[in-house]
């Protein structure tokens, strides 16, 4: 599990610090000020780094250890040996931990995956509660400072300590939960994503297409499916090798991402074929989008061996009773017709109604 090593280190330091703090009546003062309290800060710092590792964000505590932590240690030293003050030590210790929580809350805002938003909201809430508890302890130390170490804890102090322990343990459990969920989300993305292009793979696309057709439930919609095939791709592989072929596929995928609209669903269908689900457009608009894909690919520069490539496109429009296979089949037939008619063109299915998008089922736009 990602982040587990740092989380384990933080948990170990936290238990060590709490054991020392629990034995405050029997151990020397310097162990409390210069060992137990700094160990508690370091424990939460390790948890911060564990969280950063889980969400793939750089930890933000470098500045803390370069500036704040030395001041924190100096404050503990000052209020222990130079000007002994239990109130001062409590204020320094509580403020140091609270700052770590604030920085941790900031990096948590880097969680952008939709699947992890519920985890993020729960951890946001925990961190805010943990910060507020530290603020309450600071207020308590200012207006009702402890007189000496042997003073019995008041019910308020006991409640604040109890709540701090509970929220701390809950935060550790939340990091582990987030780590497991993040890895599960990454595995899901790996299963749905083509490794070469970063687009959806065929299985994921077909699942989206099935869901799209189910949601339409037999009704007619302004939806089309586009199949795109790189012309003469086998020759590229045979003459220049598979690494050059892979680079061509990557560049073509980038080109169609550039040409796509936000609502379009792109996928690598297999080999040198790409598929696009076009939503919310009529026939003319679908043809224009298809031509834009073709144009972007033909305009690619900087390809291996100064290649110039083109693509053939097949387009099929959704009918009310289509299945995924019938829609893909008509787009594939249109793609075959583009290949047969000389490549580098857009063709539509035989059942295409000219009134929807012009007077020809095959178009060729000058580049």
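Numbering (our numbering), first residue to last: 19 to 385.
In this text, a Cβ means the ideal position worked out from N, Cα and C, and glycines have one as well.
Note that the structure is a prediction, hence the values are computed from the model and not measured.
Counting of Cβ neighbours within 10 angstroms places residue 90 among the buried residues, the total reaching 16 or more. For the stretch 168-195, there is no continuous alpha helix (DSSP H) assignment of 4+ residues that stays within its boundaries. In terms of CA proximity to residue 153, 119 leads the group 119, 83, 333.
Nearest in C-alpha terms to residue 27, of all of 63, 50, 112, 39, is 63. The count of Cβ pairs closer than 8 angstroms, one atom from the stretch 109-118 and one from the stretch 45-60, reaches three, so the stretches are in contact.
Looking at 99, 249, 159, the one whose alpha-carbon comes closest to that of residue 172 is 159. Around the Cβ of residue 66, a 10 Å sphere holds 16 or more other Cβ atoms; the residue is buried. The stretch 77-94 makes no contact with the stretch 201-215; the number of CB pairs closer than 8 angstroms stays below 3.
The beta carbons of residue 73 and residue 128 sit closer together than 7 angstroms. Restricting attention to 33, 357, 352, the CA atom closest to the CA of residue 190 is found in 33. Of the residues 343, 102, 345, 293, the one whose Cα lies closest to the Cα of residue 212 is 293.
Each residue's CA atom was taken as its position, placing residue 291 and residue 77 some 41 angstroms apart.
The bridge partners DSSP lists for residue 291 are 247, 288.
A direct Cα-Cα distance of roughly 46 angstroms separates residue 214 from residue 184.
For the 7 angstroms CB-CB criterion, residue 218 and residue 308 do not form a contact. Residue 101 and residue 47 have their alpha carbons spaced roughly 13 angstroms apart. Ranking 115, 287, 93 by CA distance to the CA of residue 222 puts 287 first.
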